[in-house]
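Undergrad: Structure in C-alpha cells, see below.
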Amino acid sequence: MRWSFGVIVAATILCACQEKLTSPADCPALCPGGTPQVFDTVLTAVAGADSTYTGYVQAHQAAAMPVTNGLEGFEQRGLVRFLARGDSVTLRDTLRGYTIDSVSLSFTLVTRDTTTTGLELLLYRVGPRFDSTTTYTDVAPAFVPESLVAVVPIADTVNSGILRTVLQGADLSKVQLSPADSGNLAIGLRLSAPTFTGVRIGALAGNSSPVFTTYATLDVPDTGTAKLRNIALTAGANTTVSEAPPLVMDTTLLAVGGAPSSRSLIRFDLPPRIRDSATIVRASIELTPVAPIIGLPNTNGSDTLPTAVVAKPLLADVGAKSPVSIDPRRIPKDTLDVGATGVSLEAVRLVELWIGFAPRPSSIMLSLEPEASSFSHPVFYSSRALDPALRPRLRLSYLLRFPFEGP
Amino acid sequence: MHRAGLVLSLLLAPGVLWAQASQFGVRGLGFPGRALAVRSQGTAGGFGLFDPESSQNPAALASLGALTSVFTISQNFRTVENPAGTASLRGTRFPQLMVGGPVQSMPAAVGFSYSNYTTRDFTLATGSTIDLRGVPVSVTDTFSSRGGLSDFRIAGAYRFSDRWALGGAFHIISGSNRLTSTRIFDDPAYLSSRQHSELSYAGAGISLGLTRQFGPRFAVAGLVRADGHVNVDRDSTRVATVDLPYTFGLGLRWNPAAVLNVAAQTLVRTWSGANDDLLALGGNGAQNTIEVAAGAEYFTDRRQPTRQPIRFGARYATMAFPLVPGEQGHEFGLSIGSSLRFAQQRAGIDLSLEHVWRSEGVYSERAFLLSFGISVRP
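Order-wise, the sequence lines are chains Z and U.
The numbering of the first sequence is the working numbering, which starts it at -10 and goes up by one.
The numbering of the second sequence is the working numbering, which starts it at 4 and goes up by one.
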C-alpha cells in the first residue's frame, strides 16, 4: 500500500513538472555559432528618382477647413454651403408653410492654438454659387461688415468641440433666403484673433459638418406640438480659399501637403545582401526640411487631427498613381512639430515588405495628414541635393543570417 | 490482435525520444544517451549489457521470457554553473521505448526499440549592451535547440545453449535539431529578431553482442557496435557527414548469493572519429569516451525476486564533446532504484533516482534524474 502511494506520488511529480530549460550562457564556450551581430547602414534615395506630384486631395475634399488670420503670412477662409431648405414642410400628407422662430449655426472646432486667447469666428453671408474653382479674390467682396452674420467667440477654455450661435428676431434677416439662393444658405468663415493664428473647423469629408438648424412653427390649425419643427441641414459643400498665390513647385525639392495636396514618391535601392538575407530590426526614413517646419503651434492635447508626415508603401510602382498599402501597421508617421528641422519615420514594418519571397517595390509615397487641411506645407531636400547628408535617407539596423554552427 | 494493437500504439507514440538535457550537450551532436531501461538505471547502468529491456546489447534479448514492452519517463532537476551564472532547470523526457519477446518454438528473441542517442536540448540566454546608432542599447540573446538523435533498433538474439547467446541489431539513427536564435532589444524602437534553422540527421549502424554464462553465478557480456556516419542536412541541404563512434563493451555479472546480483561494465566509444568533421563545421571537436559502471540488485523477497528489489550503483564517464577545445568533461553518478510487479507479473513499474555530478573546468552541473518505467507483459 505504501509502495502504491509512493508510485502515485512519483508519477504525479514526473507528470506535473513544468519544463525549464533556460540557463545562462558563457560565451564563447556556450554560444555555438557566436552571438548575433547588428549592422547599421544608411541608404540615400535613388538619385533623380524622387518626384513630387500635386492634385490628390482638393480643398473641398479636406477633412477640416483651415481658417487663419495670417498665420503663414496669408489668410485662409472657409466657405460652407448648406443643403437647400424648402419653403414648406410635409405634415400629415400636406405641405405646410412655416414661420421661422430662430436659426442656429453650429461648427466643430477641431484644432486651435491652446495658448492664444480672444479668438472669434466671424460668419459672413456669401453667395451660394461657389465651387472648387472659387478663389480668395472671388469671395473677398463678401467679407465686409455689411455681410457679417454673427461673431462666434471661441472660449479660451475650449480646445475642441462645438461652436454655436443662435439668430432670432431682427438678426434673422441676415440669413433670410431669397429665390436667388435656391434655398441654400452659404456662410464664409473668417478668424479674428489678437495674433496671427489659425483654427481648423470640421468639414463634410471629416464627418464633422457644420449644421444649419431652423426652428419653425408650422402653419397648421391645431395648437399641438406638431406645430414646432426643427429643420437641421448639414453642409452640402465646403471649401477653403487662400490668400496665398498658387504654389510654384521647385522640381528639385520634395513637397507634401497643401491644397490641392502634394505627395512625393521616393525610391530606395536595397543592396542584395540586405534584400536576400537580412532581418531588419529598425528602419528610419529621415528627411531634412528646406526650412524649419511652420504650422500651428501648441496644439498638443487639443488636436483631433494632428498634422503628420506619413510614408505609405507602394503595392506597385507606376509613378504618381501608384497604388499604396492601407495597412496601418505598415504606414509610419511622424507628427510634425512647428520649428522642426528634421523628420524621422520609424518604418521597419514598411521596409519588411521590400524583402522576402514576394517583395514590394522599395519605394514610398510621402504625404501629409490630414491632407489639404493642414497649416504646414513642408518641403524637403530631394536626392538632387548637393550635400548627401541632406538627401532622403533610409537608416537600417539589421542582422544577417545567424551562422548556426553545424552539429 | 490486442497485442498487436498495443505494440503499434507504443511504436507510434513518441516519434523522437530524448534523455536529459545538459549544458554539456550544447556542442557537437549533443549529450549522448545511455539506452538504458529504468531497472538498469537503478544500478547506474552496471547491468546494462545483461538487461533485455535496455538497448545496449542485442544478445541480452535472449533472456526475455515473454513479450515485453517498456516505456520510460525521466524527469531531471539540474543546477548548472558556469562563469555567466547559476540556474536551476528541469525537464521531462522519454528516453527509452522497447518491445520484444521470444520467438515461438525457437530459442530466439526479437525486439525493437527507440532510445536516445544524443540530446541537444537547451536554451541559453545572455545579456549585453551594444552600441547602435551611437546609443548604448541593452540586448538579450537566447539560443535554443530542441531535438537530438534517436536510435531505432531492430534486434534479434539466439540462444545456442544454456550458456551462450548471440545477438545482432540494425540501428537507424535519425533526428533533428530545431535551432532558434533570438535577440530582444530593450529599446522598443528595435524589433526583436528571431531566426530559425533545422538540422536533420540520418545514419545507420550495426551491433553484435554476446552473453556467456559461466556456471550458475557468473556471466560475461560483450558488445561491438559500429555506427558508421550520420549525414547532416541543414534546411534540406547536405552540409556535412559526421563519423559516429565504434562502441566496445564488456560486462561482468556475479551472483554471490541468492538474494544479491552484482554487475559491472565498461563501454568505450570512439567519438574522436567525429573530431575532424566537427572541427570542420566550426565546432570544438570530439573525444573518445569511457564509461565504467557497477551496481547491485538486492532481493528483499527471495521467493519473488521482482518484488521490491533494492538496486544501487555508481558510474563514472567521460564526455564526448568539450565546451572548451582540448578539455574533456566527466561525470560521476550514484543511483538507487526499485520495482514493483503486479497483475500476476504481467505489469510492472520501475523507479530509479540518480544523482550525477558533471564538470569540465569552470563549467559544472549537478542533477537528480528521477526515472519511471512502465513494463507490460500481455
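Where a beta carbon is used, it is the ideal one built from N, C-alpha and C, also for glycine.
Closest by CA to L152/U, which one among E334/U, G31/U and N278/U?
TA: Taking only the C-alpha atoms, the option nearest L152/U is G31/U.
Undergrad: Return the chain-ordered list of same chain residues with a C-beta closer than 6 Å to the C-beta of N85/U, the five sequence neighbours on each side being excluded.
TA: Hits under 6 Å: Y366.
Undergrad: So, helix, strand or coil for A38/Z, using DSSP?
TA: Coil at A38/Z, not helix or strand.
Undergrad: Do T229/Z and R66/Z have their CB atoms nearer than 8 Å?
TA: Going by C-beta atoms, T229/Z is nearer than 8 Å to R66/Z.
Undergrad: Let me make sure I understand the geometry here. Which of I274/Z, T122/Z, N219/Z and S167/Z has the alpha-carbon closest to that of N227/Z?
TA: Among I274/Z, T122/Z, N219/Z and S167/Z, the Cα nearest to that of N227/Z is on T122/Z.
Undergrad: For the alpha helix (DSSP H) that S136/Z lies in, which residues bound it at each end?
TA: Per DSSP, S136/Z belongs to no alpha helix (DSSP H) and is neither H nor E.
Undergrad: For I352/U, which beta-bridge partners are listed by DSSP?
TA: BP columns for I352/U point to L343/U and I377/U.
Undergrad: Report the option in A266/U, P308/U, L373/U and G103/U whose CA atom is closest to the CA atom of V223/U.
TA: Nearest of A266/U, P308/U, L373/U and G103/U to V223/U, Cα basis: A266/U.
Undergrad: Put Y387/Z into one of helix, strand or coil per three-state DSSP.
TA: Y387/Z falls in the strand class under three-state DSSP.
Undergrad: Buried or exposed for Q347/U, going by 16 or more other Cβ atoms inside 10 Å?
TA: Exposed, since its Cβ has fewer than 16 Cβ neighbours within 10 Å.
Undergrad: With distance defined between alpha-carbon atoms, name the residue in L152/Z, T57/Z and S356/Z nearest to G247/Z.
TA: For the residues L152/Z, T57/Z and S356/Z, the minimum Cα distance to G247/Z belongs to S356/Z.
Undergrad: Spatial neighbours of M(-10)/Z within its chain, please: C-beta separation below 8 Å, excluding the five flanking residues on both sides.
TA: A caution first: M(-10)/Z carries a pLDDT of 48, below 50, which makes its placement in the model unreliable, though a value can still be read off. Closer than 8 Å at the Cβ level, and outside the excluded window around M(-10)/Z, lies no residue.
Undergrad: Hey, is the stretch 88 to 106 of chain Z in contact with the stretch 255 to 264 of chain Z, meaning 3+ C-beta pairs nearer than 8 Å?
TA: Counting Cβ pairs under 8 Å, fewer than three are found: no touch.
Undergrad: Taking only beta-carbon atoms, is P21/Z less than 8 Å away from chain U?
TA: Taking Cβ atoms only, chain U reaches closer than 8 Å to P21/Z, which makes this a yes.
Undergrad: If S77/U sits next to S378/U, beta carbons under 8 Å apart, how far is it from one beta carbon to the other, in whole angstroms?
TA: That pair is no contact at about 15 Å.
Undergrad: If you draw a straight line from the C-alpha of R74/Z to the C-alpha of S162/Z, how long is it?
TA: Their Cα atoms are separated by approximately 15 Å.
Undergrad: In angstroms, rounded to a whole number, what distance separates the CA positions of A65/U and Q99/U?
TA: The straight-line gap from Cα to Cα measures roughly 19 Å.
Undergrad: For a test of the three-state rule: what should DSSP assign to L263/U, helix, strand or coil?
TA: Strand.
Undergrad: If you drop the 5 nearest sequence neighbours on each side, which residues of the same chain put their C-beta closer than 6 Å to that of R6/U?
TA: With a pLDDT of 43 at R6/U, under the threshold of 50, the modelled position of that residue is not reliable, and the figure given next carries that caveat. Cβ within range, chain order: P381.
Undergrad: Examine chain U for any beta-carbon lying closer than 8 Å to the beta-carbon of K310/Z, and answer yes or no.
TA: False, the Cβ-Cβ gap to chain U never drops below 8 Å.
Undergrad: For V340/Z, does the three-state DSSP call read helix, strand or coil?
TA: DSSP places V340/Z in helix when its eight states are reduced to three.
Undergrad: Run down chain Z in chain order and give the residues with a C-beta less than 8 Å from the C-beta of P86/U.
TA: Within 8 Å Cβ-Cβ: D15.
Undergrad: For R149/U, does the count of other Cβ atoms within 10 angstroms reach 16, so buried, or fall short, so exposed?
TA: Buried is the call here.
Undergrad: Can you pull the chain U residues whose beta carbon is under 8 Å from the beta carbon of P302/Z, in chain order?
TA: None at all; the shortest Cβ gap to chain U is about 16 Å.
Undergrad: Using a Cβ-Cβ cut-off of 7 Å (strictly less than) and excluding sequence neighbours within five positions of F63/Z, which residues of its own chain qualify?
TA: The answer, listed in chain order, is S231, E232 and A233.
Undergrad: Which complete beta strand (DSSP E) runs does the stretch 60 to 118 of chain Z hold, if anything under 3 residues is left out?
TA: Whole beta strand (DSSP E) segments, 3+ residues: 64 to 71, 78 to 80, 83 to 85, 87 to 101 and 108 to 114.
Undergrad: In the structure shown, what three-state DSSP assignment does L226/U receive?
TA: Reduced to three states, the DSSP call for L226/U is strand.
Undergrad: Does any residue of chain U bring its CB to less than 8 Å from the CB of D316/Z?
TA: No, because no Cβ of chain U sits closer than 8 Å to the Cβ of D316/Z.
Undergrad: Measure the alpha-carbon distance for F346/Z versus V340/Z and round it to whole angstroms.
TA: C-alpha separation (whole angstroms): 14 Å.
Undergrad: Classify G178/U as helix, strand or coil using the three-state DSSP reduction.
TA: In the structure shown, G178/U sits in a strand (DSSP, three-state: E or B).
Undergrad: Would you please verify whether the beta carbon of L388/Z is less than 8 Å from any beta carbon of chain A?
TA: Judged by its chain identifiers, the structure shown contains no chain A, and its protein chains are Z and U.
Undergrad: Going by Cα to Cα distance, which pick from E394/Z, T43/Z and L342/Z is closest to K301/Z?
TA: For the residues E394/Z, T43/Z and L342/Z, the minimum Cα distance to K301/Z belongs to L342/Z.
Undergrad: Please list, in chain order, the chain Z residues whose beta carbon lies closer than 7 Å to that of I133/U.
TA: The answer, in chain order, is V27.
Undergrad: Who are P55/Z's beta bridge partners in DSSP?
TA: DSSP, once it has assigned bridges, lists R189/Z as partnering P55/Z.
Undergrad: Counting only C-beta atoms, is M(-10)/Z closer than 8 Å to chain U at any point?
TA: Because M(-10)/Z sits at a pLDDT of 48, beneath the cut-off of 50, its placement in the model cannot be relied upon, and the point is left open.
Undergrad: Pick from E61/Z, Y45/Z and D39/Z: whose alpha carbon is nearest that of I283/Z?
TA: Checking every option, the nearest Cα to that of I283/Z belongs to E61/Z.
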